[in-house]
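Protein chains: 2
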Amino acid sequence: MTDDSDLTARVQDSFDPERTDPRLRELLVPLVQHLHDYAREVRLTHAEWEQMIDFLTRTGQACDDLRQEFVLLSDVLGLSMLVEQLEADAAPGGTPQTVLGPFHLVESPPREQGDDISAGVPGERALVTGRVLSVTGEPVAGALVDAWQSDTDGNYDVQRESDEIGQGRGLFTTGDDGSFRFVTVVPSDYPIPTDGPVGELLAATGRHPNRPAHIHFQVVAPGFALLTTHLFVAGSVYLDSDAVFAATPDLVEEFVPDDDAEQAARNGLSTPFPHARIELVLTPEHARAS
Amino acid sequence: MTDDSDLTARVQDSFDPERTDPRLRELLVPLVQHLHDYAREVRLTHAEWEQMIDFLTRTGQACDDLRQEFVLLSDVLGLSMLVEQLEADAAPGGTPQTVLGPFHLVESPPREQGDDISAGVPGERALVTGRVLSVTGEPVAGALVDAWQSDTDGNYDVQRESDEIGQGRGLFTTGDDGSFRFVTVVPSDYPIPTDGPVGELLAATGRHPNRPAHIHFQVVAPGFALLTTHLFVAGSVYLDSDAVFAATPDLVEEFVPDDDAEQAARNGLSTPFPHARIELVLTPEHARAS
Chain A
1 MTDDSDLTAR VQDSFDPERT DPRLRELLVP LVQHLHDYAR EVRLTHAEWE
51 QMIDFLTRTG QACDDLRQEF VLLSDVLGLS MLVEQLEADA APGGTPQTVL
101 GPFHLVESPP REQGDDISAG VPGERALVTG RVLSVTGEPV AGALVDAWQS
151 DTDGNYDVQR ESDEIGQGRG LFTTGDDGSF RFVTVVPSDY PIPTDGPVGE
201 LLAATGRHPN RPAHIHFQVV APGFALLTTH LFVAGSVYLD SDAVFAATPD
251 LVEEFVPDDD AEQAARNGLS TPFPHARIEL VLTPEHARAS
Chain B
1 MTDDSDLTAR VQDSFDPERT DPRLRELLVP LVQHLHDYAR EVRLTHAEWE
51 QMIDFLTRTG QACDDLRQEF VLLSDVLGLS MLVEQLEADA APGGTPQTVL
101 GPFHLVESPP REQGDDISAG VPGERALVTG RVLSVTGEPV AGALVDAWQS
151 DTDGNYDVQR ESDEIGQGRG LFTTGDDGSF RFVTVVPSDY PIPTDGPVGE
201 LLAATGRHPN RPAHIHFQVV APGFALLTTH LFVAGSVYLD SDAVFAATPD
251 LVEEFVPDDD AEQAARNGLS TPFPHARIEL VLTPEHARAS
């Protein structure tokens with residue numbers, strides 16, 4: 001039976017080494033250690049434990065097909081960004097990784113080069129052109145580039161129940177030169193959803209919920225590691241106090257006025273148009289040490 | 001903006017000392033430290049992070065008015081028992097504290113001394129008699145003693161949807177001598193619910209889900225700390241491998257055959273009847289250091 005001194009060890013020993021996947025055990029034993037060390041360190045009371053159970057329960061129950069409150073919690077605690085940093089550490093040289101965010105919940109519609117992903121939302125049209133490259137500078141043809149963003153009011157399609165899902169989203173396949181391009185509206189800064197448990201946490205700790213304006217990217221290509229990143233809009237407020245700690249100077253790009261008449265015509269724009277350029281550098285596929 | 005080295009400190013600094021309750025900040029700053037230290041220590045991958053988000057989400061969504069899967073998760077990770085040990089450390093000398101468990105979800109019906117709390121479930125009737133005492137041995141009159149237990153098949157009322165809620169539960173008020181008594185069936189050992197995420201965790205780690213037979217008690221009395229404890233049935237299997245780490249030698253009591261004809265008549269039993277005696281010792285109300 002349990003005695004006070006060995007509770008932590010008894011829990012850790014309960015994960016049968018013969019019948020537990022070695023990596024799962026490697027994840028669980030330190031988890032129990034940190035969980036118990038934390039409770040002892042702060043001398044967690046029964047009442048506080050009950051509040052935490054209630055908070056986690058409500059966080060799970062706030063999730064549905066179009067909302068992921070646990071990702072949001074991980075984001076505001078900096079865990080999501082840390083996990084991306086650990087991925088990047090494992091394969092250096094690529095574009096910095098950032099958080100996935102809580103809005104990558106639906107499949108982006110496949111689009112053709114130059115398509116307008118914003119699908120009719122109000123706002124000035126802008127061009128995003130990019131290239132997917134290897135760390136040695138070779139273009140990566142046939143890469144799948146998933147882009148998703150809020151509109152000029154800071155809302156994602158999944159937050160506007162009346163609108164078509166897929167607005168502000170596009171899945172592009174890079175050409176032989178690794179390039180992709182799309183038309184969109186310049187996104188706005190916006191608050192993360194504050195009507196759930198995460199909003200309560202931010203309010204209780206004097207934190208603002210805002211994120212600087214950005215476009216999310218996720219890139220998949222055979223032989224390369226998955227890249228999850230952002231393009232942050234230069235000049236956006238909150239670049240220095242991103243609520244989810246993802247803003248990184250290396251990822252800030254400017255939408256500059258462009259007079260290129262050929263590009264304008266090719267993409268259904270008139271000159272001058274705001275134009276942001278981005279390079280997405282992929283690292284080789286790697287087996288993370290387990 | 002975030003750079004790799006200071007992410008943890010930046011998250012901790014985001015909890016505004018001027019606008020955050022001091023105890024909340026005392027809980028959050030070490031929480032972020034342990035969370036980040038854990039992720040770095042195990043080199044948590046993005047795929048593993050996604051699995052954890054999914055597990056926590058499903059745990060929250062498995063909860064409803066009659067089920068508390070996050071309490072169950074806390075229980076099987078030993079956190080619930082640790083929190084009770086910390087409560088007991090803060091006010092020594094009382095009956096050992098144990099986990100609340102996930103089945104204290106409904107209000108127990110107020111009952112008279114000697115009532116049969118099992119309300120008609122099959123099984124041999126037994127008597128439980130007890131006294132609520134202070135650490136100095138004084139009887140505590142007017143204490144509210146909440147008792148709840150499974151039936152002889154190991155099910156709680158909330159797990160048997162067809163049955164009346166309140167079966168196996170009773171709320172008693174102690175007499176002038178601190179005493180209470182009730183008739184019941186001797187509970188059985190039973191498995192905790194395994195059809196949710198916690199069951200997956202147990203299966204993946206080669207753990208059995210069983211708890212030794214027990215009756216839960218929670219005692220409230222003015223001027224005393226809340227007591228949450230168990231009476232474990234002597235001879236029950238799993239006393240040495242309780243799935244929630246709550247079994248403690250000090251809390252094991254025997255149901256012994258009793259020939260007392262007066263007690264039998266008073267409680268509607270025939271001799272001999274199984275009889276367990278319990279003392280519930282309350283510690284003074286205390287302000288936990290924060």
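Here the protein sequences come in this chain order: A and B.
full-length UniProt numbering puts the first residue of the first sequence at 1, with every later residue one more than the last.
full-length UniProt numbering puts the first residue of the second sequence at 1, with every later residue one more than the last.
Note that CB positions come from ideal geometry on N, CA and C, so glycine has one too.
Output the distance between the C-alpha atoms of residue i and residue j, rounded to the nearest integer angstrom.
| i | j | result |
| --- | --- | --- |
| P284 of chain A | R211 of chain B | 49 Å |
| Q149 of chain A | D65 of chain A | 18 Å |
| P17 of chain A | A261 of chain B | 54 Å |
| R207 of chain A | L201 of chain B | 35 Å |
| H281 of chain B | P139 of chain B | It should be noted that the sequence gives Val, not His, for residue 281 of chain B. Near 9 Å, if we compare the C-alpha coordinates of P139 of chain B and V281 of chain B. |
| M52 of chain A | F103 of chain A | 25 Å |
| G268 of chain B | F255 of chain B | 17 Å |
| D157 of chain A | L239 of chain B | 54 Å |
| L7 of chain A | L82 of chain B | 7 Å |
| S290 of chain B | H46 of chain A | Note that S290 of chain B has pLDDT 39, beneath the 50 cutoff, so the model's placement of it is unreliable and the number below is only indicative. Approximately 13 Å, taken between the alpha carbons. |
| T95 of chain B | L28 of chain B | 31 Å |
| R23 of chain B | F55 of chain B | 29 Å |
| P191 of chain A | A62 of chain B | 29 Å |
| T152 of chain B | H214 of chain B | 11 Å |
| D259 of chain A | I278 of chain A | 18 Å |
| D176 of chain A | T228 of chain A | 22 Å |
| G235 of chain B | V186 of chain B | 12 Å |
| A141 of chain A | D115 of chain A | 19 Å |
| D13 of chain A | V128 of chain B | 35 Å |
Looking at residue j and residue i, is the spacing between their C-beta atoms short of 8 Å?
| i | j | result |
| --- | --- | --- |
| F70 of chain B | R111 of chain B | no |
| L35 of chain B | L77 of chain A | yes |
| S118 of chain B | T194 of chain B | no |
| V32 of chain B | V11 of chain B | yes |
| residue 294 of chain B | G178 of chain B | Residue 294 of chain B lies beyond the range of chain B shown here (1 to 290); nothing can be said about it. |
| H230 of chain B | T98 of chain B | yes |
| A39 of chain A | L72 of chain B | no |
| V244 of chain A | D189 of chain A | no |
| A221 of chain B | A143 of chain B | yes |
| T57 of chain A | T205 of chain B | no |
Here's the rule: buried if 16 or more other CB atoms are within 10 angstroms of the residue's CB, otherwise exposed. What is residue i?
| i | result |
| --- | --- |
| R181 of chain B | buried |
| S270 of chain B | exposed |
| R169 of chain A | buried |
| A203 of chain A | exposed |
| A265 of chain B | exposed |
| T136 of chain B | exposed |
| H275 of chain A | buried |
| D242 of chain B | buried |
| E253 of chain B | buried |
| P92 of chain B | exposed |
| F15 of chain A | buried |
| P197 of chain B | buried |
| S75 of chain B | A quick correction: the sequence has Asp, not Ser, at residue 75 of chain B. Flag for D75 of chain B reads buried. |
| E84 of chain B | buried |
| E87 of chain B | buried |
Please list, in chain order, the chain A residues whose beta carbon lies closer than 9 Å to that of residue i.
| i | result |
| --- | --- |
| W148 of chain B | The premise fails here: W148 of chain B is roughly 17 Å from chain A at the closest Cβ pair, so nothing lies under 9 Å. |
| F217 of chain B | Here the premise fails: no neighbours, minimum Cβ distance about 15 Å. |
Between which two residues does the beta strand (DSSP E) harbouring residue i extend?
| i | result |
| --- | --- |
| D240 of chain A | Neither: D240 of chain A is in no beta strand (DSSP E) and is coded neither H nor E. |
| V185 of chain B | S179 to V185 |
| A119 of chain A | Neither: A119 of chain A is in no beta strand (DSSP E) and is coded neither H nor E. |
From which residue to which residue does the alpha helix (DSSP H) around residue i run?
| i | result |
| --- | --- |
| S134 of chain B | Counting along the chain, S134 of chain B falls outside any alpha helix (DSSP H), though it belongs to the beta strand (DSSP E) covering R125 to S134. |
| A265 of chain B | A261 to R266 |
| E69 of chain A | E69 to V76 |
| I53 of chain B | H46 to Q61 |
| Q85 of chain B | L79 to A90 |
| E200 of chain A | P197 to A204 |
| Q33 of chain A | P22 to V42 |
How would you list, in chain order, the residues of chain A whose beta-carbon sits under 8 Å from the beta-carbon of residue i?
| i | result |
| --- | --- |
| Y38 of chain B | P30, L31 and H34 |
| L24 of chain B | A204 and T205 |
| Q61 of chain B | G60, Q61 and C63 |
| E253 of chain B | Near E253 of chain B there are no residues of chain A at all, since even the closest Cβ is about 14 Å away, more than 8 Å. |
| L86 of chain B | A39, R40, R43, L44 and T45 |
Could you tell me which chain B residues have their CB closer than 8 Å to the CB of residue i, listed as they occur along the chain?
| i | result |
| --- | --- |
| V83 of chain A | A39, L44, T45, H46 and W49 |
| P74 of chain A | Checking the sequence, you will find Ser at residue 74 of chain A rather than Pro. The contacting residues are W49 and I53. |
| V71 of chain A | I53 |
| F15 of chain A | T205, G206 and R207 |
| L56 of chain A | L56, T59, G60 and F70 |
Taking C-beta pairs closer than 7 Å, name the residues in chain B that residue i reaches, listed in chain order.
| i | result |
| --- | --- |
| F245 of chain A | T2, L7, R10 and V11 |
Could you tell me which chain C residues have their CB closer than 7 Å to the CB of residue i, listed as they occur along the chain?
| i | result |
| --- | --- |
| R211 of chain A | No chain C appears in this structure, whose protein chains are A and B. |
Closer than 7 Å by beta-carbon distance: list the chain A residues that pair up with residue i, in chain order.
| i | result |
| --- | --- |
| L77 of chain B | V11, V32 and L35 |
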